[in-house]
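Visitor: First residue of the sequence shown? That's 1 in UniProt numbering, and the numbers climb one at a time after it.
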Amino acid sequence: MPPSVARVLLTRRWLLWTALLLVVVAACVALGVWQWQRGNVVVSAPAATRPVAPLADVVGGGDPLTADEVGRRVQVRGEWDPAAELLLPGRSLDGAEGAWVLGLARLPGGTGVPVVRGWLPAGAQAEPASGAVDLVGVVQPPEAQDHAAGSGPLPPGQAWVVSPALLVNQVDYPVVPAYVVASTAAGGLRAVPPPDPGSATRRLDWRNLGYAAQWWVFAVFAVAAWRRGLLEELRPPDPGEGHHDPHDPHEQGHDPHDPEDRSDELLEERTR
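1) Going by DSSP, what residues sit across from Trp-100 in a beta bridge?
2) Taking the straight line between their C-alpha atoms, what separation do you get for Leu-16 and Arg-7?
3) Extract the residue ranges of the alpha helix (DSSP H) inside the region 187-236, only unbroken runs of 4 or more that lie entirely within it.
4) Beta-carbon within less than 7 Å of Ser-130's beta-carbon, same chain only, minus the 5 sequence neighbours each way: which residues are those?
5) Along the chain, where does the beta strand (DSSP E) that runs through residue 277 open and close?
6) Rounded to the nearest angstrom, how far is the Cβ of Val-136 from that of Gln-75, given a contact under 8 Å?
7) Rounded to the nearest angstrom, how far is the Cβ of Leu-189 from that of Gly-118, given a contact under 8 Å?
8) Between which two residues does the beta strand (DSSP E) holding Val-181 run?
9) Using a threshold of 8 Å, state whether the C-beta atoms of Pro-177 and Gly-71 are closer than that.
10) Can you tell me where the beta strand (DSSP E) with Gln-140 in it begins and where it stops?
Shown next as structure tokens:
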């Protein structure tokens, strides 16, 4: 009668084999997960998901805004320049026509940065900003002319696009080649929603993914080997195995029809 599964597994030998199996499977699965995570590489994350940085760290020195910094949240501190404020018509918000209010903040280093303070309904008026500036916003590169809502002439104090080059002629200090969209608005304005930050860019490393698959195959192989050994242990013995007849000349290695074996038998009988 074959032994029960519980009886076999509770023996010392099988307890050790089972414990070793659990350790091997856990290690293979963990290593496979680790290689899988290494195989899914994040090449670049949206700039908007990074921590807030001082504006000078992102567009300091007058250098153009790099592609991986577009949309990053920055902190702007300085003083408003009321004489440099502009209105940008042709900007809609929630289906309503209006304009952006563009202010100029002068930083402690002496440079200026255009800031979209908020959105204003068509026909409304906004008071120029003055005093200290301390806000968080999303940094953007200058707008191209093809982004303009119109192309005709505008009254003084208005512009079609956010372009620091337009402000350079109005102030006697340098303006950084970028602008900031304020995250919150004040003075009766509505905050302008920032552009879509996009999604993370991922790259698949097939070598690491192959390593992950190999580790998981090892885990499956270990379970299969353990199961096969257990089935062999539980297999009932063959009724013919272990049964020997001492009087059977075939089992003793003698063939009664072999002349040599027959002569040996005759010699043995004569010497008796």
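Virtual Cβ for every residue (Gly too), placed ideally from N, Cα, C.
Guide: On the basis of the supplied data:
1) Leu-88, Trp-119
2) 14 Å
3) 206-234
4) Trp-80, Pro-82
5) Any question about residue 277 goes unanswered here, given that the chain covers just 1 to 272.
6) 5 Å
7) 3 Å
8) 179-182
9) no
10) 132-140
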